[in-house]
Every structure is written in C-alpha cells, then in structure tokens.
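Here the sequence shown is numbered in the working numbering, starting from 1 and rising by one per residue.
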Amino acid sequence: MSSSSPSTGKDPGSSPYHRFRGDLECGASNGNCSDDDEDTFDIPPKKAPLERLKKWRQATLVLNASRRFRYTLDLKKEQEKEQTRRKIRAHAHVIRAAFLFKEAGEKPVPGGSGGLPVAPTSGYGIGQEQLTTMTRDQDISSLQEHGGVKGIADLLKMNVEKGIGGEDDEIAHRRSVFGENSYPRKKGRSFWIFLWEAWQDLTLIILMIAAAASLALGIKTEGIKEGWYDGGSIALAVILVIVVTAVSDYRQSLQFQNLNEEKRNIQLEVIRGGRRIKISIFDIVVGDVVPLKIGDQVPADGIFISGHSLSIDESSMTGESKIVHKDQKAPFLMSGCKVADGYGNMLVTGVGINTEWGLLMASISEDTGEETPLQVRLNGVATFIGIVGLAVAFFVLAVLLIRYFTGHTNSDGTVQKFKARKTSLGTAADEAIKILTIAVTIVVVAVPEGLPLAVTLTLAYSMRKMMADKALVRRLSACETMGSATTICSDKTGTLTLNQMTVVEAYISGKRIDPVDNTRLLSSDVSSLLIEGIAQNTTGSVFMPEDGGAVEVTGSPTEKAILSFGVKLGMKFDDARSRASVLQVFPFNSEKKRGGVALLLADSVVHIHWKGAAEIVLASCTSWLDLNGSVQLLDQDKEDEFKEAIEDMAARSLRCVAFAYRLYDLDNVPKDEEEREHWKLPEDELIFLAIVGIKDPCREGVKDAVRLCTNAGVKVRMVTGDNLQTAKAIALECGILKSEAEAIHPILIEGRVFRSLSDFEREEVAENISVMGRSSPNDKLLLVKALRKRGHVVAVTGDGTNDAPALHEADIGLAMGIQGTEVAKESSDIIILDDNFSSVVKVVRWGRSVYANIQKFIQFQLTVNVAALVINVVAAVSAGSVPLNAVQLLWVNLIMDTLGALALATEPPTDHLMLRPPVGRREPLITNIMWRNLLVQALYQVVVLLVLNFAGRSILHLKSGDLIHDNKVKNTVIFNAFVLCQIFNEFNARKPDEMNAFDGVTKNRLFMGIIGFTLLLQVLIIQFLGKFTKTTKLSWKLWLVCIAIGFISWPLAIVGKLIPVPKTPVSEYFSPLIRCFRSCFKCRSHQRETDDGQEIGIQEDARQ
C-alpha cells in the first residue's frame, strides 16, 4: 500500500485505501454493494442497523454463547430501555418512593423514624418533598405561593446572585438534608458469575461428563488409588481453563466499569460565594446556582433565575424532539436535558433520585456491550476455523473408533487392542471415552472462542492506557477505527494552539494603541463605550475579591482574554453591568461569527453592541468613532486602513476581534416581553469602535506530531473559524503547510467558497484542502462528507454544539475535554482530555496498536491450531492413536487462548507502527506476511514432531527394553517440545514484519511474566504431574533436546522473513470457496429469520 493520500481525479478504486474483495474477514468492497455480495461479518463502525447486528449473530458458530457474547450489545435490553423511560415518566413519584424506602431500610434517617420528609426540615424553610413535587409537576402556582425563585432562594438560605457560601460544613449539611447528586447503580457482576459463565462452554461440559465417566470406570477397574488419575486429570485441567478464563473476563469487566465512571464524571461551573468554580457533577447540592450555556447538560432539576434566549432540548426525557424556551413563565428545568441555545442561571432544587433523570439512570442497567467491526470479523474467522476444527475432530473420532474396534490400533502400548469377545465391556467403554475425549479436546483447541474476546481484551487494555495519554474512549469501535484513519480534520484553537489567549495588540478609534492598556490615548467616551461593550456583551464574568486579591476571570479563552483586556482599561465589571439593563441578547453564533446585546441605559438611551470576527463586523459598519469620541463617516480609504490592520494582525497569527455599536430608538424596541424575545437585533449602520489582536501560541510539539502523521500516511487538515490569513500563519507554524508556495487555492480555501461548490466539485477540491478558514460547522460537515465519499477514513475534532453533526458523521469524532460542550462530547467517539493535538496522534498510535496486536494473536493462535490438528490427524490415521492426549491439549489451549491473548494483546504501541500506511478497514486480517510466518512455523513443528512420533525411539535412543515406558518418554518429549515451540514462537509473534523480535520485550512486564509463568508450569507438569498428564520425568539431555527444538523457531523466523510474499492477498485465490461459505450462512440466516424470538436467543440465554 502506498503511504500517500490519493490524488485528485484518481479513481477511488485505485486509492491506496482500496478494500480487497473476496476475503473471508473483509466485507463488501464498498457501501453500495448489493445484499447478495454483503459479508455477514462486516458491520459499519458507527450507526450499525439492527438487522445487520442480528444477522452476524445468526451466522456465528458458537459453542459457548455466554462467553462469546460477553461484550456485545444486548439487543433486547436496548428495546427495553425506551419502555423503562416511558414508565418512569408516568410513575416517577412511585419509583422514587420505592428507592427512598429502600434507602431508609439500609441507613437510619437522622432525627426521624424513617418516613418520607414532607415538611421543612433541618433549618431550611422548604423540604425536599415539596421541591421535588413542585419541579416534577412544573407547578407554577406553587412556585408563586413560595414567592417565586427569590422566595425559594430565601427558604433555601442562598443568594440568587452569589449562590451558597460554599463552606464544607454547609455543603455536607445540604447533602444530608436534600440528598446527593448520584443515583443507586446496579452492582457489577461478581467473580462467581464469570466463573458460572466460563464453564457453560458446550465442549467443556462434554469433557466434564467424559471425565466423570472415565473417573467412575477407572475407580471400578483399577481401584480408587490408581483409577482416579485419568478422569481426575481431565477434570482438573478443565477447572484450570475455567478459572483462568473467569479471572481474565472479570479483570476486563472491572476495567470497563472504571472507564464508565470516568465518562459520567462531568465537570461544570457553579457560583459559590459570588465566584465561579469548577466542580464534579456529583458535587452539586440543592441551592447551587449553575450557569448554563449552549451545549451544556442540565446537571440537576432546577428553576430558571435569569438568562437570555435560553432554549432546552428535552427530548432525552419527554421523548419529543421539541426545543422548549425557558423564562419566568416556564421556569422549570429537568436534569439530563441539553441547552440548545442561549444562556442563563438556574437554581438547583432536586438532585440524584429526586429527579426523573436519576430514576431513569438507576432503573436502566448500563450495557457496556458493543460489538466492534473487528470483533464481528473475528467471529467470522472463528466460525470458519471452528467448522474446519469440527470436521477434523469428527474425522479423528471416526478413524480412531473404527481402528480401535477393528483391532487395527498400533501395538505401542499406549492403547490396548480391542479383541472381539475377549476385551471386557468396561475396558472397551473406557477406551471409547478416551477417544471421544481426544476428539472433543481437538474441538476445544480448534474452535477459537477466545479470538473475538482478544479484541475486547486489547481494547480494554488500550482504553485504560489511553486514559493515561489523555484520551477517554466513549465508543469501543473508535479505538480500532482510528488505526485506519487517513485524514484528521483538526480545529485550530486549543487543539493546535495552547488556548491561552491574551490581547497583544489593539487598534482603537483608527489608531494602534501601544501598549494595549494605554488609556491615556483614549477619550472618556471611547473608553466607556468600549468597556460597556466588553462588560455587557459576554458570557464570562470577573470576580474581584473584597480583600484586594488577584482578579478572577472566567469564561471561554477568548472571553477571558477580552475581559482581562477590559480590566486593564479600568473596567469595574459589576459596576459596568449595573449601569444598564439588558433588553435582548443575540448569543455568539458560529455561523454568523458574531454576538450582540441591546442595552437600556439610565437616560432611556438604547445601545446595541456587537462583537465578532473583525472583517465581518467591519462589513456592517457605516461610520467609526475617532479618538475624541466623534462619529466619522467610514469612507473607502478608512475601510481599507482597517482591513490592512486586520490583515497585518492575521499575518502574525493573531485572532482578530472587532467591536462596534449603534444607537437605537427606544420607541422601536418591542414593548411586550414575548415580542422582544423574538426581536432580531439590528446589525446594520454600526459605528466601528476597535479591533483587538489575540495571541494564542502554538502548542509545543505540535509540529512534530503533524510530521509524524504525515509520515504515517495521515493527512492533517486545519478547519477553523478564524480569518484565512490567521489560519495560514498558524498552519505554516504547525507544519500543515510546508511553505508559502503551498498557500494557494484550493489547498488554502475559505468556507463560503467551499460551500458554494457543487457536490462533485466539493469532492474534487476536498482531496487537496489543507487549510479551511472562516468555516462554519456546516462547512466542516460538508468537508467530512466529501472526504468520506472519496474513500477516506475521517477523524474530526470539535468542541462546540454545532460541531455535533460533523462529529457524528465522521468515522471518528474527537471532542475536546476542556472546551468541549456536553453535546459535542455525547456526539463524539473519543474525548481528548487535554485538548492537545499530540494526544490525537497518540490515539492514532493506539488504534494501529489494537489492530497489530490482534494480528499477532491470530498468527500465534493459528500456528498452534494448524500444528496441533495436522499432528493429531496424521497420527490418528497412520497409528490409530494420538501423541497429544486430552489434558495436554487443554494445557496447549490455555497457553494459546487466554494466556496468549494476555501476552500478545497487551503489547504497547511502537514508533514502527507510525511508519506504516493506514490500515484498510477491510484489508485482510490475515495478511500474506502472517500466512508466510505461520506456515513456516507450523510446517517446522509438524515435520519435527511427526518425525519424533514415528521414529522418536530410535532418534532419542530410547532402548530401555520397556516398550510402554519408551513410548511414554517419546510422547512426553513430543508434548514438551510442542509447548516449548509455542513459548519460543510467542516471541516471534510480537514482531511479524520485523527481524528483531526482541526489541522492547523487557519493557513489557506482563508478556515476560506470562512467559515465565507458562514455562514454570510446564516444568512442574513434566517433572511432577506426570500422573495427571500421562507424561514421565525427562532427563536433562532430553530437556536440552526439547529446548533446542523450540529454539530453532527463532532463527527459522528470521530466515522465513526473507521469503518474499505476493502483493495479492492469499484469500483472493480462495474467493469461490469463500463465496460458497457465505451463501451457506445466508441460507442459514434466512431460515432463522422466520422466528423473531431466535434473533436474540443466543445472547439472552448467555446473559441469563
């Protein structure tokens, strides 16, 4: 595959991200294929239709449903969630009473007998029951009886402006009286549940039954002292497999639980003691004042205090996709809803299970299951291998039974020959059970139940490690999809830059002010108008401590920079805001790139202030204010002078924000409050006041991160709302643009130009875009769609509410954890906790690591599968017995399944991964390199072990005279050599395409620990547990022989890697067979679809 991106005009089919057709693990080559060509085991990474999810379950060969479907989506529970939501809305008070009753039984209520509080308690003028009932019923009359929001505030002993005091004692008291903002969660499943699920494997149950029968027959024929070994050893081996499997699954479950806790822990602002502070959503108490802005989640039930254009999306609670406007007439806010527009403050009146959202969350057990495309593809691989394994097992069973009962078993002493009318029924039954046990064990080894679970294991490990790299994964599939990303559309502000903004340049009243806080150059009129616009037209705030401490500025980084500039100009924030009353607010809009406010001053004068993108505000101006405070006509020369100042600032990578205002006739302002809410603020004939240049430095290391992406075949594109010149300057600084020569159309493009193109033209141009300036969220969405149509796997960063559609549409949506709104985070797949582009690149590394680790595990497991199956088949056909018995095969299964997955699926990412091109999402899982490696190793193992099987006694000089003992030694050497081959080969599997398989091996302590643990157990098995495994102690010379056989796999792997492989995937040559395989399963799926009840049957049985 080429590492470069496909060029414009190139046919999508010739793209380096071309998806191979006809491969077992891949699917249809494009999204437009007919249903006949569609692979059952191919699902989209996002928004997978329910029918597709049902389909792959029906086509899967499963011998242990409860384990195989442990981490997949419970389709039935998804359907039940909406029913639960409806019930809660209808019976919220009954459900809450039940929770309170349960809590009362579990802990004593201070100062009471455990009944529900219905009257004011503990020093507050209103009780929780009254607050909850009023908010739930949205009882306006009850609110008015209590004196409105001010009356409720007095009863709750708080101030609507300053909030509660914020002392620890007060917060603890409020929490004990009104409850805490959390809800009872259903306990995670205990270890014993996992143990129960692990042994429900059909093959293990058969082995346990066979072990019980063998135990009974052995004790009957040989006595309890010697007769229990055969059956007991199988039982102990099965128990070991079950325990190790349960421990592995339980550990994964705990990791997912911890990550889910992180997802729920939303950070938000509250006003306490007059200042805004950031706290966890779980720390909110009744009486808190919570500032809300567009994109926030309402964290608790509450009452509207004040605000402008505050609109709430209540669809998450009411089920109706209707935006509800909130004001004094409709003041009640419900927890769990989203702020769709505007801003405002709310008084918290209900938390935790005293809200409908809390009841809903407590009643719905969160299903952590989610199938990922890789997991489903591996189910396809496991199904195919399982069919082959079953066929081999039945073949071996038939051959061994026929050979035994016809008396053609080789007389090597390991199996007693069957003689008609002479061999007792008990002996015949015992040998038949042993043969059945071997066949069933072959199925255990051959059907890789652990293959799909290896994905979950590596994802769980990666998610935990990604948290340390400042990335919180919300959707499992995003981990693996990120490894296929071919382009990243990144925001500028806060992602490529530090988001630490300061005003470094000011151009006020047509003159550059140096330094920016030099107020001596400004007249009082200019200064007061500018301060008025800064203080009133903002969603931030300034807190000035009474003790004269440092001024605290809160808000978005841009707001903080402008407010800090205002403070330097002499602004007294609270004083400036108290001089005028707000008539109407137009919140900053990323489409229009400006925000405005209408103010009524004391002398009945109306000022309308606007603030936003400099050139856009300038375009609405017809005059300007000079240094003396006189209004001058804005002629062409002056306009060009302002434009030149803007371009000069932008060329130095400064964000340009302009301020303007206008006078307005009070008579033209709507008198009715409802009409005023819909009044559109005039935005023409503005008087230009000032331009400020805001510096936001590039993040350290971002240039290296961009270079790393480029070398990895991932194109980084900057999409920003800033001026095109600012965007160009930052892009050059970050390395997205290599030189000024690259800064040409369409590499550098403006959002309005891109959106004006036709769909076809957009697709052509999108391929070349590196920087898009003055873009709206819709432009970002159009770019994502165009790139995806070109065959790209697109990752997009976003922080605003309006970015949600692009985050949702992209293959991987990356929301910013610090500046991102809750709406953006909920639409994303991964949250970048430090808003840093370098963390995005780390996510790409982890995505590639997930895919690489799965491939390592597949190569290792298939090598064992092929070798074990071939050895047993050849031995069964030729000798009538097998060198590897049931207990030995179970131990091999444990090595290659759970322990192998733990060792190989938890390899950390390496820099080598970033030297490869992106992984095609439908590229074969088993590449030609993997086929070469596994065939070389499997062929070596098969040849060596079969030679030992047939000529081992003479090669090893086993001439003790005791044939049975010699054969036992020979079979022990075969078993020991086979296990050591797997241990040595585990190192080879770490680096399938690198010569040095030992690079970084000592850094992976888990890998080294598992290798050491496996080796130790193998020594114990051979030297001390021979009774159980039917082995005998080996001399040090034979140990050296076994180690030498295993060691040869290392140089052999190096030699094997010198063998060239064809570019065409091996699976292409077997496409007719694979099509036949698929059509068989389609027929099977079609038959199963006739009964709706069966579509979730496997999974539901597994969970119950």
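Even for Gly, the Cβ is constructed at its ideal location relative to N, Cα and C.
Since we're looking at a predicted model, the values are computed, not measured.
CB contact check: residue i to chain B, cutoff 8 Å
i	result
V149	In summary, chain B is missing from the structure at hand, where a single protein chain is found.
Residue i vs residue j beta-carbon contact at 8 Å
i	j	result
L890	V244	no
D491	V719	yes
L472	K338	no
V850	T486	no
V298	L292	yes
K780	V796	yes
A198	D154	no
T437	I234	yes
P373	S477	yes
L496	C734	yes
A650	T726	yes
A246	F194	yes
S309	V585	yes
G350	T132	yes
K611	F659	yes
I442	G380	no
R594	F588	yes
L627	V526	yes
V874	L948	no
Assumed close pair residue i, residue j - CB separation to whole angstroms, cut-off 8 Å
i	j	result
A535	M571	6 Å
F282	N181	5 Å
V866	L934	7 Å
S828	R474	6 Å
M346	G302	4 Å
G352	G148	Incorrect: roughly 25 Å between the Cβ atoms, too far for contact.
F754	L724	About 12 Å separates the two Cβ atoms, so there is no contact after all.
G721	R774	7 Å
S484	P883	That pair is no contact at about 43 Å.
V765	P777	Between P777 and V765 the Cβ distance is about 19 Å, and since that is not below 8 Å, they are no contact.
L902	I858	With 8 Å as the limit, L902 and I858 do not qualify as a contact, their Cβ atoms being about 15 Å apart.
I1048	N976	Their Cβ separation, rounded to whole angstroms, is 15 Å, which puts I1048 and N976 out of contact at 8 Å.
S214	G188	Contact doesn't hold; Cβ gap of about 38 Å is too wide.
Own chain, CB closer than 8 Å to residue i, minus 5 neighbours either side, in chain order
i	result
V606	L583, A598, L599, L600, L663, Y664, D665, L666 and V669
P110	Below a pLDDT of 50, predicted positions are generally treated as unreliable, and P110, at 41, falls in that range; no measurement from the model is reported.
V504	V516, L654, G693, I694 and K695
K643	E615 and L618
N-terminal and C-terminal residue of the alpha helix (DSSP H) that residue i is part of
i	result
S839	F837 to A879
Y229	Y229 to R264
V381	P373 to F405
Q267	Where Q267 is concerned, there is no enclosing alpha helix (DSSP H), although the beta strand (DSSP E) it sits in stretches over Q267 to R272.
K560	P557 to K568
Terminal residues of the beta strand (DSSP E) in which residue i lies
i	result
K338	K338 to G350
A198	A198 -> not in any beta strand (DSSP E); alpha helix (DSSP H) instead, spanning F191 to A198.
I730	First-last for I730: L724 to C734, but that is the alpha helix (DSSP H), not the beta strand (DSSP E).
Q584	A580 to N589
Neighbourhood of residue i by C-beta distance below 7 Å, restricted to the same chain and skipping five residues each side
i	result
F860	M896, G900, L904, N985, E986 and A989
Q1104	For Q1104, the pLDDT reaches just 42, beneath the cut-off of 50, and the residue's location in the model is therefore unreliable, although a value from the coordinates is still provided. None.
L913	R845, R848, S849 and A852
Sequence-distant residues of the same chain with beta carbon closer than 6 Å to residue i, five excluded per side
i	result
A119	Confidence is the limiting factor: at A119 the pLDDT is only 46, short of 50, which leaves the residue's position unreliable, though a coordinate-based value still follows. Counting only Cβ-Cβ distances below 6 Å, and skipping sequence neighbours, we find G127.
P184	A362
K470	L833, D834 and S839
T1032	K968, V969, T972 and G1026
Cβ-heavy atom distance, residue i to the ligand ZN, below 7 Å
i	result
T1032	Because no ligand of any kind appears in the structure shown, any question about the ligand ZN cannot be addressed here.
Discussion item. Three Cβ pairs or more, each shorter than 8 Å: is that satisfied between the stretch 323-334 and the stretch 272-287?
Written reply: Flag = no, the stretch 323-334 and the stretch 272-287 do not touch.
Worksheet item: Does the pairing of the stretch 608-616 with the stretch 668-676 give three or more beta-carbon distances under 8 Å?
Response: No, the stretch 608-616 does not touch the stretch 668-676.
Discussion item. Taking 8 Å as the cut-off, does the stretch 1059-1067 touch the stretch 921-933 (at least 3 CB pairs, one atom from each stretch)?
Written reply: Cβ pair count under 8 Å is three or more, so yes.
Fill in: Three or more C-beta pairs below 8 Å linking the stretch 629-647 and the stretch 700-712
Because the criterion of three Cβ pairs below 8 Å is not met, the stretch 629-647 and the stretch 700-712 do not touch.
Item to complete: Count the CB pairs spanning the stretch 689-708 and the stretch 505-513 that are closer than 8 Å, and state whether there are at least three.
Response: The stretch 689-708 makes contact with the stretch 505-513: 3 or more CB pairs, one atom from each, lie closer than 8 Å.
Fill in: Contact between the stretch 862-882 and the stretch 933-950 (3+ Cβ pairs under 8 Å)
Counting Cβ pairs under 8 Å, three or more are found: they touch.
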